Each structure stands twice: as C-alpha cells, then as structure tokens.
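J.: These protein sequence lines map, in sequence, to chains A and B.
Take the first sequence: its letter number 87 is residue 87 in our numbering, and every next letter is one higher.
Take the second sequence: its letter number 12 is residue 1012 in our numbering, and every next letter is one higher.
Number of protein chains: 2
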Amino acid sequence: MHKHPAHGCGCYKERQSRWVEPSILFLLMEKPCHGYELMSALPELGFINGPADPGAVYRTLRHLEKAGLVASAWDTSHPGAAKRLYTITAAGKRHLGLWAESLRRRWTNLGAFIKKLDQAVAQKT
Amino acid sequence: MHKHPAHGCGCYKERQSRWVEPSILFLLMEKPCHGYELMSALPELGFINGPADPGAVYRTLRHLEKAGLVASAWDTSHPGAAKRLYTITAAGKRHLGLWAESLRRRWTNLGAFIKKLDQAVAQKT
DNA sequence: TATTTTATATGTTCGAAACATATATCAGTC
DNA sequence: GACTGATATATGTTTCGAACATATAAAATA
C-alpha cells in the first residue's frame, strides 16, 4: 500500500486514465515532433507534475504508428543522435476529434459529480 | 485488441480511473446503505452506462472498511437475505473531502486541455 | 416447482500508467 | 583525454484497479 500523493493517506495512488495518447496526438497536431520534444512538452499540459516518462512516450508513439494514427521518419538532417520525426496522419486527426468528444463527456460527468459532492460536503459541516 | 466503446475504433477501451471509491463514499454520505442498494444507485452518478459490477462494489466496501473509512453491521431487522449495512465514518467524511479536492483539480486540468483541443481541431478544419 | 430478484463474495484477466534499466551520440569542462 | 551531463530512443517489469466471470444462498413471484 502506497501513499496517495494528493490525499496524503494510506490509500492507493490516484492514477490517470488515458491521458498520454490524446496528449501526444494534440502536440503532433500543432507540429511534427520527435519523442524527446514531446517528453518535454507533456508536463505543460497539466496531467503530470514531474517530467514525463520516456517509456510512456515512446511506447505510445509506436502504438499510434501501428494503428496508423501517426507516421514517422528518421531525421538525419541534423548532427547528433538520430531522431525519429513523428507526424499526425489524417486518421490521427479524426481520432483526436473522437478523443475530444469522449473527454468532454468525461469532463461533464465529473463536473456534475463534483457539484453533488460539494453539496453533500457543505450540508454535513 | 478490443474496440473503444466511444471511439468505435481499434484502440483500447477507455477505462475509468478511481471512480468507485469516491462514488460509494458519496452515496454513504447521503445515508447508510447496503451493497446491493449502492449497486443500483451507482449508474445514476454518470460514470457507467450499464448496471454496476457487484465485484467492484463489495471489494471496494471491504477495502474502505479495512481503511476505517466506512463501518458495517449486519442488518437482521428485516426478513429476507441478511444485509450488511454500511455507514461512513468521520475519517471517511474527511477522506471524501480530499477526493473532492483532487477530483476538482482533475476536472480543471481536463477542462483546460479540452479547450486547447477544441482550438487545435477548429484551426485545422 | 421453476424462475427471478435480492444479497454477498471471490477468482481471473487486462489495460495502461508507473517505475526501472539499457544504449549511444554529442557538448562542454576539468 | 577522461568525465559529466544533456540529447535521444528503446525495452523490461511492476502495480493498480476496473472489467469480466463465476459462485452461493435465501426469498419472492410466477
């Protein structure tokens, strides 16, 4: 049993759910990136506190590529370690639209629940 | 590989994250309940579509009880199958307050991300 | 009597984040 | 020239907790 980082209690950590995939698709919608660039941009989206996990990024990229939602090419134009440049595909853009819809539902449901919570907590104080 | 129920695509199902525990604590805040009652009330909170999973409910109740957040007593006053009546404890109420805080952060972050998503999607249409 | 509803409980699988480790190139510095 | 740290990519393993499946039994109802 670990500590819930937000609750500071003995209960489980609060894990996020499906944030890596939509985050990466969003960043690639703005412009093509390589993995390391995505890693440094991810924390600014507000889902994590510390630095992003390379494992999450590169594995998700491979998954997305296998699904045809992003495409990659080795970038050898620059000196230094070889970079793989990822681009979002048309299918990826459509997919991000679906994500936007389902995330919005999630957000609405969560908002309704929080409202109920607030009322309940306020009532019993 | 299964179908994402919302996306209708080949990608993974979108699983929820930590909704059972706060939901149950909330319902017990309103009034003491037994497990079966909670099961039928859960779908109304908007996190699931179909009926609630008994496994999720009873296991969470046991977990919460072990953590001292709820207390239970066998209810033999009524005829019929024996029911275990669950009550939220003072610690449970405090805990629900923490949940409210962290869920609100989640909601705010998600809202900000969705806004960015909308802009990106609108821009590239 | 047979089926459904009420009621509780455990066993197993699975998705995806979290955590850990490995490898190689290049830039700067001591 | 050796050492350190940033850049860059990749895989291995653990963990959490929802999702799915199954088991049991008493009572209500058809």
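We put the CB at the ideal spot given by N, CA and C, even for glycine.
All figures in this text were calculated on a predicted structure; none of them were measured in a lab.
Against chain B, which members of the segment 69-102 of chain A pass a CB distance test of less than 8 Å?
T.: Answer in chain order: Lys93, His95, Leu96, Gly97, Leu98, Trp99, Ala100, Glu101 and Ser102.
J.: Which chain B residues sit within Cβ distance under 7 Å of A/Lys31?
T.: By Cβ distance, chain B contributes nothing, its closest Cβ being about 11 Å from A/Lys31, past 7 Å.
J.: Which of the three DSSP states is assigned to A/Leu132 in this structure?
T.: The structure shown does not extend to residue 132 of chain A, since chain A is modelled only from 1 to 125, so the question has no answer here.
J.: The alpha helix (DSSP H) that contains B/Ala1073, what's its start and end?
T.: Counting along the chain, B/Ala1073 falls outside any alpha helix (DSSP H), though it belongs to the beta strand (DSSP E) covering Val1070 to Asp1075.
J.: Let me see if you follow: with CB-CB separation under 8 Å, is A/Lys116 close to chain B or not?
T.: Interface residue, yes.
J.: Name, please, each residue of chain A whose Cβ falls closer than 7 Å to the Cβ of B/Gly1111.
T.: Ordered by position in chain A, the residues that pass the 7 Å Cβ test against B/Gly1111 are Trp107.
J.: Near A/Met29, which residues of its chain fall below 7 Å by C-beta distance, leaving aside the five closest residues on each side in sequence?
T.: Closer than 7 Å at the Cβ level, and outside the excluded window around A/Met29, lie Ile88, Lys93 and Leu96.
J.: How far does the beta strand (DSSP E) with B/Ile1088 in it extend, from its first residue to its last?
T.: That run of the beta strand (DSSP E) goes Lys1083 to Ile1088.
J.: With respect to 7 Å, is the separation between the Cβ of A/Pro43 and the closest non-hydrogen atom of the ligand MG below this value?
T.: Looking at this structure, you won't find the ligand MG or any other ligand, since it has none at all.
J.: In whole angstroms, what separates the C-alpha of A/Thr76 from that of A/Ala82?
T.: Looking at the two C-alpha atoms, the distance is approximately 6 Å.
J.: Please confirm whether A/Arg104 has its beta-carbon closer than 8 Å to some beta-carbon of chain B.
T.: Yes, because at least one Cβ of chain B sits closer than 8 Å to the Cβ of A/Arg104.
J.: Determine whether the beta carbon atoms of B/Leu1064 and B/Ala1052 lie at a separation below 8 Å.
T.: No, these two residues do not count as a Cβ contact at 8 Å.
J.: Under 8 Å, Cβ to Cβ, is there at least one residue of chain A near B/Leu1042?
T.: It does not: the Cβ of B/Leu1042 has no partner Cβ on chain A nearer than 8 Å.
J.: DSSP three-state label for A/His34, please.
T.: DSSP places A/His34 in strand when its eight states are reduced to three.
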